[in-house]
Structures are given as structure tokens and as C-alpha cells.
Amino acid sequence: MKSIIIGTAGHIDHGKTALVKALTGIDADRLEEEKRRGITIDLGFAHLELAAPSGEKLRLGFIDVPGHERFVRNMLAGVGGMDLVLMVVAADESIKPQTREHFEICRLLSIPRGITVITKADLVDEDTLSVVRMEIEDFVRGSFLDVGRSPIVPISALKSTGLDELKRMKVAVPGTMTTAYLALKLFAPKIETTVVPFDQIIPEVLAGKHEAGLIIHEGQLTYERSGLNRILDLGKWWHELTGLPLPLGGNAIRRELGPELIAQVTTALRDSIQYALDHRESALAYAMQFARDLDTQMADRFVGMYVNDRTLDYGADGREAVSRLLDMGYKAGIIPHQPHVDFV
Ligand SMILES: Nc1nc2c(ncn2[C@@H]2O[C@H](COP(=O)(O)OP(=O)(O)OP(=O)(O)O)[C@@H](O)[C@H]2O)c(=O)[nH]1
Ligand SMILES: [Mg+2]
């Protein structure tokens, strides 16, 4: 059996021990003081057996080092025998003093190989993640961690909830007459739900009243800031299933009003939307009074999700999406009557 010694390196609190635990299931912080203070003081150890692509068994031994600058001697003692180092950089902090120091130590001791791991990817958005990646690329250029020979892998060590687990949860939903609810029931027909006012879902999930919440409106932009994790994006799920956009809403008008009045109302609505799109800044300033806890930038994104060119014209795929969604809802028994939609 082949043995490989893998070590961690990186700044304090950047997630080295959490990474080793996610990989092996073993908490390498074994000292009582380490557990109490939540930092690594002395070297920790873990192991994992894996089959190599060739079928050969590999025994991976892990050495987890402390990131605290005061314990750099312990770190140094662990680095000597490493075949491969996991250079850990937290996405929310990027390169810090001990990232540099540990990197220099690994270079001085000629660690042959490494992988740069961007941890805590769940804490930042994609733009920040790519900035951190660029900073790392610059930092490691020409070294044994140069991206030409060693990958940069973003991860999150947070426990993720699987979709099957979600199907067994009781989920707070904003109402049973919402597209979000319809999509959720199509995804998981047997899922249990409780109706909660839409703006109470995030606080109640945070308070532990519900296992999960179905989030609509601006909650879609703010849930991460509130400290929640996404399990499923129903818009993406629907798009993967059908290749169509998920229709979130529309204006309906009574057929019996007659073609003339329907045409008048439609024109008035379209003109009004077109005006708002053409005068985005003042329209947004007006909308800000209803913006609840959104700042201007988020409100701008939020409005863009609901008022865009599709608001003027669904387009052929938008129309197909509306019909398909309602039809699937009827066939699944979620909508009691079969809807017949005409598009004006
Ligand atoms: N959100 C998030 N938090 C994480 C992740 N990985 C680790 N953490 C948290 O970050 C904190 C520090 O994690 P550790 O694994 O103890 O960090 P460390 O690099 O081992 O710290 P030292 O050993 O003291 O240098 C803990 O509170 C972890 O729960 C992650 O992927 N996402
Ligand atoms: Mg640690």
C-alpha cells in the first residue's frame, strides 16, 4: 500500500482543521484547549484510505498544522515530512501574513507538491471568489504552487444538505398560490409545508422554527447575508428540466371585458412599463420607498429580476413556460382546474 503524507498550511482560522475533517471525518484538534479556543495549537493527525485510479490502495496521512503565528514552531515541525501541502486561503480574507509565512516555509523545505484550497467559498459571491483566485495566482507564480502545475480548488467545508434530505423536511412557504410553491411541489410532490408570511420566513428559519424556507422576493438576494445556505434553486431546477425560464408572475385580465377594453388596458400597461424601463433611475428612486431592507444596488438588481424586456413581451419561450408550468401543475393535482391561457 502506498502512503502519502498530506499537510495543511495557511493563516489562522482559514479552515485547515475543518478541511481535514471534511475530507477524513476526523477532528485533528484533539487537545481540550484547542477545542475550547477553537484554534489549533499543536500538530493534529488524521488518515484516510482511498483507491488510486489504478486500483492501488492509498493510505493518506494528514498533518494539520496551527495557523497562529505564535505556534509557527509546531507548524515547522510538521512540514518536514509532507509529500503534498494543502495551502489553505479563506475566500473572505484572501492572503494574510501566515499564508505568506507558511508558503515561504514550504518553499524553503522544498515540499514537492501542493494544492491551493480556497476555503469558505460559501461566504463570498462569485466576483469576490474570482478576485481571490487572481490574487493567489499572482502570489504563487513561479513557485511549486504555480497554476501551471498545481490546481486552485474552491471549497466549502460546511455540511451541505442533500436534495433527498430536503424532500423530507417541513418547509415554510409564502403561500400556496405562488409560483414558488407550485415549483416546489412539482420538485417534491410529498414535501410538507407550513404557510408563513413571506417576510417572516428568513427570521423564522433563523430562529429554528422551520427546517427550511421557500424564499421569494428580495429574500432571494438577502438570504446569504442573513446567514442562510441555499439547498436548491428552483429557477435553475426548472430551467434544467424544461430549458425554459420560470415564470414568476404576470397580469391577468378577464376575458369578458371584451377585446377593445383588453387592448386599451394592455397598451396602458405596456406604455407604463416601457416608460419605467426608459427612465430607470427615477423609476427606481420611486420604487425605493417600498424597498424594505434593500440598499439601492440590491434594489436595482431586484427590480431587474422582475421588470425587464420579458415584462414587455414574454417571448415564445416565456409563453411556452407559462403554459407548461400551469399544465404540469394541473396534471400533478396541485392546480384544481385546467387553466386555458390566452396571451394578449
Ligand atoms: N462558512 C464557513 N466556515 C468555515 C469553513 N471552514 C471552516 N469554517 C469555520 O472557520 C473557523 C475556523 O476553522 P478552522 O478549521 O478551525 O480553522 P484553522 O485554519 O484550522 O484555524 P487554526 O488551526 O487555528 O489556524 C471555524 O469556525 C469553522 O467552522 C467553510 O468552508 N465555510
Ligand atoms: Mg486548525
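Quick note on numbering: this note's numbering labels position 218 of the sequence shown as 213, and the sequence is numbered without any gaps. Every residue gets a Cβ at the ideal spot worked out from N, C-alpha and C, and that includes glycine.
Check: Looking only at DSSP bridge pairs, what is G109 linked to?; Outcome: V80
Check: Since V83 contacts T114 with CB under 8 Å, what's their CB separation in whole angstroms?; Outcome: 6 Å
Check: Alpha carbon to alpha carbon, how far is E251 from S151? Give it in angstroms, no decimals.; Outcome: 55 Å
Check: At the level of alpha carbons, what is the spacing between L124 and T171?; Outcome: 37 Å
Check: Near ligand 2, which residues have their beta-carbon closer than 5 Å to a heavy atom?; Outcome: K11, T12, T35
Check: Tell me whether G357 counts as near ligand 1, meaning its Cβ is closer than 6 Å to at least one heavy atom of that ligand.; Outcome: Residue 357 lies beyond the range of the chain shown here (-4 to 339); nothing can be said about it.
Check: For L227 and I1, I'd like the C-alpha separation in whole angstroms.; Outcome: 33 Å
Check: Return yes when the Cβ of L158 is within less than 7 Å of the Cβ of M323, no when it is not.; Outcome: no
Check: Alpha carbon to alpha carbon, what distance is there between P107 and V142?; Outcome: 14 Å
Check: Less than 7 Å between C-beta atoms, sequence neighbours within five positions excluded: which residues of the same chain meet that for T306?; Outcome: I268
Check: Is H97 closer than 7 Å to G39 when the C-beta atoms are compared?; Outcome: no
Check: Going by DSSP, what residue range makes up the alpha helix (DSSP H) through T3?; Outcome: It is not in any alpha helix (DSSP H) - T3 instead sits in the beta strand (DSSP E) that spans -3 to 5.
Check: Unbroken beta strand (DSSP E) runs of length 3 or more, entirely within the stretch 159 to 212: which are they?; Outcome: 165 to 168, 187 to 190
Check: In the DSSP assignment, find the beta strand (DSSP E) that holds P254 and state where it starts and stops.; Outcome: Element bounds for P254: not the beta strand (DSSP E) but the alpha helix (DSSP H), 254 to 273.
Check: Pull up the distance between the alpha-carbon of T12 and that of M164, whole angstroms please.; Outcome: 30 Å
Check: I'd like the ranges of any beta strand (DSSP E) spanning at least 3 consecutive residues and lying wholly in the stretch 22 to 60.; Outcome: 39 to 46, 52 to 59
Check: Nearest CA to the CA of G10: which residue from I(-1), I34, K30?; Outcome: I34
Check: Quick one: what's got a C-beta closer than 6 Å to K185's C-beta in the same chain, skipping five residues either side?; Outcome: none
Check: Per DSSP, which residues does P240 bridge with? Please list them.; Outcome: For P240, which the question treats as bridged, DSSP gives no partner whatsoever.
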